[in-house]
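Its first residue numbered 1, the sequence shown is counted upward by one per residue in full-length UniProt numbering.
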Amino acid sequence: MSSPWSGGNKSTSGRRVWAQFGFGAPESKMLLVPVVTLCLFGLTMSYKIEPLPDSYAGLGEGPHWDVARQSLYYVDLEAGSLLRYDYAQNKVYKTKIEGETLAGFVLPVEGRPQEFAVGCGRRVVIVSWDGVSPSAKVVRTLFEVQPLMDKNRLNDAKVDPRGRFFGGTMRYIGDEFEFRHGELYRWEAGGQVSVIKGDVGISNGLAWDEKAKKFYYIDTTDYEVKSYDYDFETGVASNPKVIFNLRKNSPKDHLLPDGLTIDTEGNLYVATFNGATIYKVNPNTGKILLEIKFPTKQITSAAFGGPNLDILYVTTAAKFDQPAPAGTTYKVTGLNATGYPGVNLKV
Numbered sequence: 001m002s003s004p005w006s007g008g009n010k011s012t013s014g015r016r017v018w019a020q021f022g023f024g025a026p027e028s029k030m031l032l033v034p035v036v037t038l039c040l041f042g043l044t045m046s047y048k049i050e051p052l053p054d055s056y057a058g059l060g061e062g063p064h065w066d067v068a069r070q071s072l073y074y075v076d077l078e079a080g081s082l083l084r085y086d087y088a089q090n091k092v093y094k095t096k097i098e099g100e101t102l103a104g105f106v107l108p109v110e111g112r113p114q115e116f117a118v119g120c121g122r123r124v125v126i127v128s129w130d131g132v133s134p135s136a137k138v139v140r141t142l143f144e145v146q147p148l149m150d151k152n153r154l155n156d157a158k159v160d161p162r163g164r165f166f167g168g169t170m171r172y173i174g175d176e177f178e179f180r181h182g183e184l185y186r187w188e189a190g191g192q193v194s195v196i197k198g199d200v201g202i203s204n205g206l207a208w209d210e211k212a213k214k215f216y217y218i219d220t221t222d223y224e225v226k227s228y229d230y231d232f233e234t235g236v237a238s239n240p241k242v243i244f245n246l247r248k249n250s251p252k253d254h255l256l257p258d259g260l261t262i263d264t265e266g267n268l269y270v271a272t273f274n275g276a277t278i279y280k281v282n283p284n285t286g287k288i289l290l291e292i293k294f295p296t297k298q299i300t301s302a303a304f305g306g307p308n309l310d311i312l313y314v315t316t317a318a319k320f321d322q323p324a325p326a327g328t329t330y331k332v333t334g335l336n337a338t339g340y341p342g343v344n345l346k347v
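Here it is, written out as structure tokens:
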């Protein structure tokens, strides 16, 4: 279908890049990380990176801060597991979804404190979990995408500020990735799921800026962050524009843009798989404002949270036999920035 989202096909370096996602993740003990002090534009700035306790996920993804429960939800994607970090208790709870092997994202359902929308394969299902128990159950399916594409799965997803679902798929065959068989979707309560962008390689980071009336999106295989003009009343995006190209700004082999979040000043935080870094980027200029460094390579996503929304929570992966502390979930403090909480899904 014709769509303003279409953005052309990018050349890639082939399957050699995607083999870096690999398999195998040893359980590891968390390592402490020192304070980092930087001097930027004549100003001294310190940030501190600390591991969350017992937060390991072989492929951590989808961090979502829930204000009502003062908790960070995220997934261990290839384990079919959900995790909840309780801020007050400083404790992580983990559950396995019965009968499921994949959990691409977790989105709390508005008004139903024990229900979550989860990406299981190509289905978006409602999972019942009390946030503590070691097992959880699928209670119903909201919708399914690409029913004939049995080697595809849902990847990253988020909820826009009006409660709509946005998420996409990717081709997924064992330890290999095939390019541009994915799609990006929109769904809202009472409606049908809509394909809003085809020709997607690996659908990944999403973020919205109501002040600027923008939507930001990452297809990992493009190595770019794109901005779109966004109508918050209709959920329609238009006028795609590349605002950050990871390969041009950091031309390192195998460095891939993954998850994405935004602060209240409109700056983007781009996670880099294989890059050990989150880049803080000004979307108006495309310039890197800050590099947040981690002691593990595979940085998957980030979300602001905490009582004051000034803690950056960061998920990582332990793919391709990465050594400890790969798979740790971190908190970053001292960034002098605040963000937005996750939005719950209206169903």
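Cβ atoms here follow ideal geometry from the backbone N, Cα and C, with glycine treated the same way. These numbers come from a predicted model, not from an experiment.
Terminal residues of the beta strand (DSSP E) in which residue i lies
| i | result |
| --- | --- |
| Phe319 | Inspection of the sequence shows that residue 319 is occupied by Lys rather than by Phe. Element bounds for Lys319: n/a, residue is neither H nor E. |
| Asn155 | 152-159 |
| Lys137 | 135-144 |
| Leu221 | The sequence given here places Thr at residue 221; Leu does not occur at that position. Counting along the chain, Thr221 falls outside any beta strand (DSSP E), and DSSP gives it neither H nor E. |
| Tyr330 | 330-333 |
| Glu183 | 182-187 |
| Gly111 | Per DSSP, Gly111 belongs to no beta strand (DSSP E) and is neither H nor E. |
Buried versus exposed, by CB contacts within 10 Å (16 or more), residue i
| i | result |
| --- | --- |
| Ser6 | In this prediction, Ser6 scores a pLDDT of 32, lower than 50, which makes its location untrustworthy; the coordinate-derived value is nonetheless stated afterwards. That one is exposed. |
| Thr316 | buried |
| Ile173 | exposed |
| Pro108 | buried |
| residue 350 | Residue 350 cannot be examined here, being either before or after the span of the chain that is shown, 1 to 347. |
| Asn336 | exposed |
| Val132 | exposed |
| Thr169 | buried |
| Ala88 | exposed |
| Gln322 | buried |
| Gly111 | exposed |
| Ser71 | buried |
Bounding residues of the alpha helix (DSSP H) (the contiguous stretch that carries residue i)
| i | result |
| --- | --- |
| Arg247 | 246-249 |
Cβ neighbours of residue i in the same chain (closer than 6 Å, five flanking residues each side left out)
| i | result |
| --- | --- |
| Met149 | none |
| Tyr340 | none |
| Ser194 | Arg186 |
| Leu309 | Thr338, Gly339 |
Sequence-distant residues of its chain with Cβ nearer than 8 Å to residue i (five each side left out)
| i | result |
| --- | --- |
| Arg140 | Val125, Ile126 |
| Ile311 | Phe304, Gly305, Lys331, Val332, Thr333 |
8 Å contact criterion, which residue i and residue j should meet: CB distance rounded
| i | j | result |
| --- | --- | --- |
| Asp294 | Thr338 | A small correction: the amino acid at residue 294 is Phe; Asp does not occupy that position in the sequence shown. About 21 Å separates the two Cβ atoms, so there is no contact after all. |
| Ala219 | Gly201 | It is Asp, not Ala, that sits at residue 219 in the sequence shown. The pair is a contact, with the Cβ atoms about 5 Å apart (cut-off 8 Å). |
Same chain only: Cβ atoms within 7 Å of residue i, ignoring 5 sequence neighbours per side
| i | result |
| --- | --- |
| Leu102 | Leu77, Glu78, Gly80, Cys120, Gly121, Arg153 |
| Ser128 | Gln114, Glu115, Ala136, Lys137, Val139 |
| Gly266 | Asp209, Lys211, Ala212, Pro283 |
Cβ pair count under 8 Å reaching 3, the segment 74-82 against the segment 96-106: Verdict: yes, contact present.
Are the segment 152-165 and the segment 179-192 touching by the rule of at least three beta carbon pairs closer than 8 Å? yes
Touching or not, the segment 189-196 and the segment 208-221, by the rule of three or more beta carbon pairs under 8 Å? no
Taking one C-beta from the segment 278-295 and one from the segment 243-258 each time, how about it: are there three or more such pairs within less than 8 Å? yes
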